[in-house]
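Heads up: the sequence shown begins at 201 in our numbering, then just goes up one per residue.
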Amino acid sequence: MTLLTYREAATRVRRSRRTIRYWKLQGMRMGWERRDGQLVRVVEEDVLLAWWRDRMDNDPVWQNRIRAKIRELPAQSTPGS
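See below:
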């Protein structure tokens with residue numbers, strides 16, 4: 201279980217810290233951890249990646265990129281044909 205700060209989480213999924221805060225407001229589970237004597241807001245890496253995947257699955261730009269990559273793949277023949 202890896203705990204990431206806002207900054208570390210944003211870097212991990214290549215988004216802004218503001219986006220991570222927005223996801224928190226939308227319901228992403230976060231907690232607190234004491235680092236160097238200060239309380240820091242943290243998120244578990246598994247939770248962060250689940251939220252990121254969910255957002256990517258619903259993003260039309262991402263869907264179009266995936267479709268384009270699939271179209272570029274050569275047609276694979278079925279065994280026995």
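For glycine and all other residues, C-beta sits at the position ideal for the given N, C-alpha and C.
Exposed unless 16 or more other CB atoms sit within 10 angstroms - verdict on residue i
i	result
alanine 209	buried
isoleucine 266	exposed
tyrosine 206	buried
methionine 201	exposed
Endpoints, beta strand (DSSP E) assigned at residue i
i	result
glutamine 226	Segment: none, glutamine 226 is in no beta strand (DSSP E) and carries neither H nor E.
Coarse secondary structure for residue i, derived from DSSP in three states
i	result
leucine 273	coil
threonine 205	strand
aspartate 259	coil
Bridge partner(s) assigned by DSSP for residue i
i	result
arginine 241	Trp232
threonine 219	The partner list for threonine 219 (beta bridge, DSSP) is empty, contrary to what the question assumes.
Query - Meets three-Cβ-pair contact criterion under 8 Å: the region 212-228 and the region 248-263 - result: With the cut-off at 8 Å, the region 212-228 and the region 248-263 touch.
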